[in-house]
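Counting from 1, position 127 in the sequence shown corresponds to residue 127 in full-length UniProt numbering; the numbering is continuous, with no gaps. Worksheet: one structure, shown below.
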Amino acid sequence: MIAWLKEVGRGKRGARDLTYEESLRAAEEILSLRATPAQIGAFFIAERIKMESVEELQAFVEACRAAAFREPPHEDGLDCAGPYDGRKKSFYASFACSFVLAAAGLPITLHGSGSLPPKWGITLHDMLGVIGIRPDELPRETLVSAAKQTGILYVPAEQWCPPLGELRPIREQLGMRTVLNTAEKLIDYSRSPYLVFGVFHNTVFDRLSRLLTTLNYRKALIVQGAEGSEDLFVDRPTRTYAVDRGSASLHVVSPEAWGLDAPVPDREWTAAAQIEASEAVLRGDADLAFTNQVLLNAAYRLHLADRVGSVEEGLYTAKAMLEHGRAWASYAEWRDLLAQNFILR
1 MIAWLKEVGR GKRGARDLTY EESLRAAEEI LSLRATPAQI GAFFIAERIK MESVEELQAF
61 VEACRAAAFR EPPHEDGLDC AGPYDGRKKS FYASFACSFV LAAAGLPITL HGSGSLPPKW
121 GITLHDMLGV IGIRPDELPR ETLVSAAKQT GILYVPAEQW CPPLGELRPI REQLGMRTVL
181 NTAEKLIDYS RSPYLVFGVF HNTVFDRLSR LLTTLNYRKA LIVQGAEGSE DLFVDRPTRT
241 YAVDRGSASL HVVSPEAWGL DAPVPDREWT AAAQIEASEA VLRGDADLAF TNQVLLNAAY
301 RLHLADRVGS VEEGLYTAKA MLEHGRAWAS YAEWRDLLAQ NFILR
């Protein structure tokens, strides 16, 4: 580990990128905790200063995948990869959107953990707790069974990839982004061919598009969304990068072009407020901005996953799922399947 630290820790000008083979060995040393906490922290900081290369990111993703439980409960699904450090200022559109997509026949994988740095925001874990689900306590078999019945898989990442849980104390002490903030979102627990992936800075578009091509996703959409999430904005255009079988191109998504632009109301977001707004969308009585944001994201994701021939068709499909109550029914079935495990105890 010391030899690799010397290479990546020589400063902005002197540091060099590790090869894929070197990066993989470093990742394995870190994930197995054979490296010391001091070495792990130093490596994470040095990589952040240097900026991780595509080969280094790929090595950490593949090392995490090798250490994780990865079961394919459904085929041809979409993985929604948002930041594990959560939200503070924006609506979690991906959550409600997932049940619209599942109702339309597109299997969805969501994943996350308790809040992490640097944002320390509200996470899916926090939201699930509001509706009586403690995902860390659920057996994998229960989560996979619910996915097979409803089309929604939720993965508690630190249980399905144990090294992430073991490294949490070091990440909390550092209090900053590390290479794991990217790698943990790409473990691909259900081996989905389609991916929607959130980023904060558009400067990483090219690097991530090359990484996703290397990881062999059929199609992916990289989104510079709300708080670095995979959610398209509804009150302004969103920069995205579409990756399609090895080619990548920039697209700006305008909600106004689809008649969906709407001002977003100010909210004091808590986990309970996120669930309240999500359920309102699925019931059909939410604020227009939140409903429109779910519709916009659902339409683009249906198109990304080749379930519809156009974004316009995706909008009609998503609206039908909400208006006919199918999205709410999908949510209620999934929620009750998982929550009953705690009621029966």
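Every residue, glycine too, gets a C-beta built ideally from N, C-alpha and C.
Among the candidates Asp231, Val61 and Gln149, whose CA atom is the shortest distance from the CA of Asn216? Of the listed residues, the one whose Cα sits closest to Asn216 is Val61.
For a test of the three-state rule: what should DSSP assign to Ser249, helix, strand or coil? strand
Whether Ala81 touches Lys219 by CB criterion (9 Å): no
I'd like the span of the alpha helix (DSSP H) that includes Tyr20, first residue to last. Annotation: the continuous alpha helix (DSSP H) that includes Tyr20 extends over Tyr20 to Leu31.
Between which two residues does the beta strand (DSSP E) containing Ile49 stretch? Not the beta strand (DSSP E): Ile49 falls in the alpha helix (DSSP H), residues Pro37 to Lys50.
Rounded to whole angstroms, what is the Cα-Cα separation between Ala42 and Ala271? 34 Å
Quick check: what's the CA-CA separation for Leu211 versus Glu256? If you draw a straight line from the Cα of Leu211 to the Cα of Glu256, it is about 31 Å long.
Excluding the 5 residues flanking Val100 on each side, which residues of the same chain have their C-beta closer than 7 Å to its C-beta? Once the five neighbours on either side are set aside, the close Cβ partners of Val100 are Val294, Ala298, Ala318, Met321, Leu322 and Ala327.
Check whether the Cβ atoms of Leu78 and Leu106 lie closer than 9 Å to each other. yes
Which same chain residues, not among the five before or five after Leu116, have their C-beta less than 7 Å away from its C-beta? Excluding its 5 nearest sequence neighbours in each direction, Leu116 has C-beta neighbours in its own chain below 7 Å: Tyr84, Asp85 and Arg171, listed in chain order.
Thinking C-alpha only, which one of Val264, Ala3, Ala339 and Ala63 is nearest Tyr92? It is Val264.
For Asp188, the three-state DSSP class (helix, strand or coil): coil
At 4 residues or longer, and completely inside the stretch 176-237: list those alpha helix (DSSP H) runs for me, N to C. For the stretch 176-237, whole alpha helix (DSSP H) runs of length 4 or above, ordered along the chain, are 180-183 and 205-214.
Mind checking Ser32: buried by the 16 CB within 10 Å criterion, or exposed? exposed
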